[in-house]
Every structure is written in C-alpha cells, then in structure tokens.
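Below: one structure, written as structure tokens.
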Amino acid sequence: MTSNLTSEEQAAAAAVERSAATSQLRFATAGSVDDGKSTLVGRLLHDSKSVLADQLEAVEHASRSRGQEAPDLALLTDGLRAEREQGITIDVAYRYFATPKRRFILADTPGHVQYTRNMVTGASTAELAVVLVDARNGVVEQTRRHAAVAALLRVPHVVLAVNKMDLVDYAEPVFAAIAEEFTTYAASLGVPEITAIPISALAGDNVVTPSANMDWYGGPTVLEHLETVPVGTDPSQDPARFPVQFVIRPQTTEHPDYRGYAGQIASGVLRVGDAVTVLPSGRTSTITGIDALGAMVDVAWAPQSVTVTLADDLDISRGDLIAPSDHAPETTQDVEATVCHLHDRPLRVGDRVLLKHTTRTMKAIIKDIPSRLTLADLSHHPAPGELAANDIGRVVLRTSEPLALDAYEDSRRTGSFLLIDPADGTTLTAAMAGDSFAASADGAEAARDDEGWDF
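Next up, the structure:
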C-alpha cells in the first residue's frame, strides 16, 4: 500500500500510525506561589525534547536580558507579559507534547490564591493533577485548597511532587514527612490514588531522568509515571447520555422528512435499535440510525460527535437529553450541589442566576447555602450566607424547568454545571451535583423568593 508513496509521505504515514497507537493523558499542575510549577513544566518539555530550537533560543535571550546565566525554563509556559515581569503564573497555560509512549495535554495553572478559580478550569477535564510542594515549606493552605479542588472535581490520579529537594540537601526524612501529611489529608477528601515523588525541577532530578542525588528513592520519575498511569474508561460501563446540540431538518426534495439530532455523546454507548427516553419530556422512541462523520454506523460511543435519528417524530430541541430508557436519569427542579465560587462578586442566598448544564441553559434561584468548607480541618461552617471567590461550599437551587442531572460521582460530564450571571453572561460558579466530599448541613431552611423567578 505504501510502495507508491514518497519517502516524506511514508514518514508522515508512519507518524500518524505511531500517534494513533499512543494513548492521551490530560493533566494539570498546581501548587502554591513559587513552588516551581512553570519550571517543572519547562523541564518536562525541555528534557523530553518537546521544545523547538527557536523557542529555546527565545527563552535563552529573555533569560540573559534578565541577568540570568542559565535559561529560565519557566518562560516556556509563562507567556503573558505580566507573568514574565512578575515571575508568576496568572492564566492557565496549555501545552501539547508527546513521547513515544503517550500524547499529553498539559494545563499549567496559577498558584496565587486569587487565581485558584483557574485551577478549576484546568483540572475540570484532567485525568491527573500534579500538586507541587516546596520542600522547605511543606503543606500550606494553598496546597490543601488544590487538593480539595482535585477531590471535588473527581480527578482520579494525584501526584505530589515535592520540589526543591536540592535546597534541603535531598533529605529523605523531609520528603517522607511531607508525603505522609499530604497523603493523609488528600485521602480524607476521597482522592483515590496519590503518588509522591521527590524532585528538583531546576536541576532536573526525577523529572525525566532518575536522580543520582536521591538513591533512597526507588519510584518512577514524573515522566515515567505520566507515561504509565492508567487513563480512560470503558464507555460501555457508563449509561449513555446524549445532549442534543442541534436539530437537522434539511426539508429538501432529497430529504423531505429527515429529522436528525446532532451532538457529542457525553458518556456511554449508543446503538441502533436502543430504546431511548427524551428528557425532560419523558417521551420514548427507538434509535433508527447513527451518522458518524458522514458514515452510517450501528454503534457509537463517548466522546464521538454524531447525528441520531429516531423512529418517532418527537418535539426535541437543543438542550434535551437522549438516554436509554432503562438507565435514564431523574429529572428535578430542586438541585443540591458542591460548588467552587469563581467570581469576585460573592454568591448569596436569593441570587438569580442562569444554570448551564451540557447544552441546556435555564433560570435558577439560590435557595440556600447550607455550609462552607474550612480547608484547614475540613469542617463545615454552617449557614455562611454567601460564598466569596475561591470558596468551596454547598448550594441548594431551584430551577425554572425540570433538569435531567446525574450525580457528579457517577458522571463528570452530566453531573456538572455552571452558574452564570444573567446580566452580563460571566461565569460565577462551577458546580458538581450531589454530595461530593461535602456533607449537607442539617436544619437549613431555604430562602424565600418573592421578586419574580419563583419556580
């Protein structure tokens, strides 16, 4: 098949085959200010040969202009002018690189408390989070906050990277004490898997190559762990969820009666012949066809984008959810969720918001804020009345329409939603339906609404 191809075409085909044979890992880095997140990312990119020559030359030039003899690898990710001037990370920096074993999508998130909301963005789709700790400072409040966010977002794998081991003489007791404290704390939040690795991002110890300075450590390097950690799930183990994004009605001579429902499968598997229920209406039908990239198929799975046709002409529009009749989610107008508030304006009882869930957006009211999480001891401050930026707490909402919602612990896609300011469209809060790791406060009475929006 390749005998008629040029050498360049054969090389390109081989590269595509190699890429197809490798898996993909989405991961995020987090940590307190100056713990070395950007340096770690830069070291990963540099030592894995994922930096282009002109990029490295630009970093070397920028480093010399700042009076540094060695290239500052943090500049590979800190792209904003303010980031370079202050030596901090402000925005989420996404980087894409690959090794022969795996492809990576990396989100380098900020360390400052006021930018914790950006970690929610970076970690919301991550399968692994790397939490950095400065070996000299140990576990601090921001470390606990990042562990709580990782647990809240159900990130299945967490790596504790104890950085700057060179500044504590590569002492094993220092690493062991930090690893024990963090592991105990994260495990109490419900983090399922924690791997602790001692590193020096500046010197390159245990990032890509094993460290000769820490022969007492026998575990993997950061890159080895990233290349070998299990990723992905079997779609057949999850119930199918298909949020409708667009209704296709050509109404042409060739297709006078065609009605297709387009969108991305959020979870599970769809098959021709499946009995399905359309929510929130509750009407039922059967899948008669699945169009994937212009080809008719008998089966499709998450996260494929497809067009589905049904046996019956139902009233279906954007925002409706198609699910198997025997595993359809419950619909409700009363929603309880664990949230991370992202906006500078506090979220208060009685606030009117827009709730965006998959492709559906509706009005909602904040009926109650039963509790706010105290990160130091994981206690719940009852009835705080409001949530400030970066606060994690419990919220009770009433929606204007029935909502088909899964528990977040069952589905990260269909168990999450956003709260949006109806006045200007800004995102206020990221929410995870169900209990997550937070406990509901008892005896909290929902606030009454008498100014409109009373559902």
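In UniProt numbering, the protein residues as written are 1 to 455.
Beta carbons: idealized from backbone N, C-alpha and C, even for Gly.
Computed from a prediction, not measured in an experiment: that's the story for all the values here.
Note to self: Classify Lys49: buried if its beta carbon has 16 or more other beta carbons within 10 angstroms, exposed otherwise.
What the structure shows: Lys49 sits exposed, since fewer than 16 C-beta atoms from the chains shown fall within 10 Å of its C-beta.
Next item on the list: Could you give the DSSP three-state label for Arg84: helix, strand or coil?
Entry: Its pLDDT being 40, under 50, Arg84 is placed unreliably by the model, and nothing is read from it.
Next item on the list: Starting from Gly260, follow the alpha helix (DSSP H) in both directions and report where the run begins and ends.
Entry: Unbroken run through Gly260 is the beta strand (DSSP E), 260-264; no alpha helix (DSSP H).
Margin query: If the criterion is Cβ atoms closer than 8 Å, does the pair Asn163 and Leu40 meet it?
Written below: yes
Margin query: Along the chain, where does the beta strand (DSSP E) containing Val222 start, and where does it finish?
Written below: First-last for Val222: 222-228, but that is the alpha helix (DSSP H), not the beta strand (DSSP E).
Check: Which partner residues of Pro148 appear in the DSSP bridge assignment?
Finding: It should be pointed out that residue 148 corresponds to Ala in this sequence rather than to Pro. None; Ala148 has no bridge partner.
Notebook entry, point to check: Near Thr183, what residues of its chain come up, given a Cβ to Cβ distance below 6 Å and the 5 sequence neighbours on each side ignored?
Noted result: Ile194
Checklist line | DSSP bridge partner residues for Val276 (one or two, in chain order) | finding: Answer is Ser285, Pro324, bridged to Val276.
Notebook entry, point to check: If Leu132 sits next to Val155, beta carbons under 8 Å apart, how far is it from one beta carbon to the other, in whole angstroms?
Noted result: In fact, because the Cβ distance is near 15 Å, the residues do not count as touching under 8 Å.
Check: What residues are listed by DSSP as bridge partners for Pro243?
Finding: Leu321
Note to self: Considering only DSSP beta bridges, list what Arg413 is partnered with.
What the structure shows: For Arg413, which the question treats as bridged, DSSP gives no partner whatsoever.
Check: Which two residues bound the contiguous alpha helix (DSSP H) that contains Ile197?
Finding: It is not in any alpha helix (DSSP H) - Ile197 instead sits in the beta strand (DSSP E) that spans 194-198.
Next item on the list: Could you pull the start and end residues of the beta strand (DSSP E) that Ile316 belongs to?
Entry: Ile316 -> no beta strand (DSSP E), and no H or E assigned at all.
Notebook entry, point to check: Nearest-angstrom Cα distance between Val174 and Gly273?
Noted result: 60 Å
Item checked: Beta-carbon gap between Ser317 and Val244 smaller than 8 Å -> yes
Notebook entry, point to check: Would Val149 pass as a contact of Cys340 if the rule is Cβ separation under 8 Å?
Noted result: yes
Item checked: Check whether Ala431 and Val395 have beta carbons under 8 Å apart -> yes
Checklist line | Pair within 8 Å by beta-carbon distance, Ala201 and Gly31 | finding: No.
Notebook entry, point to check: Does the beta-carbon of Gly42 have 16 or more other beta-carbons within 10 angstroms, so that it is buried, or is it exposed?
Noted result: buried
Notebook entry, point to check: So, is Ala295 buried or exposed, given that buried needs 16 or more other C-beta atoms within 10 angstroms?
Noted result: exposed
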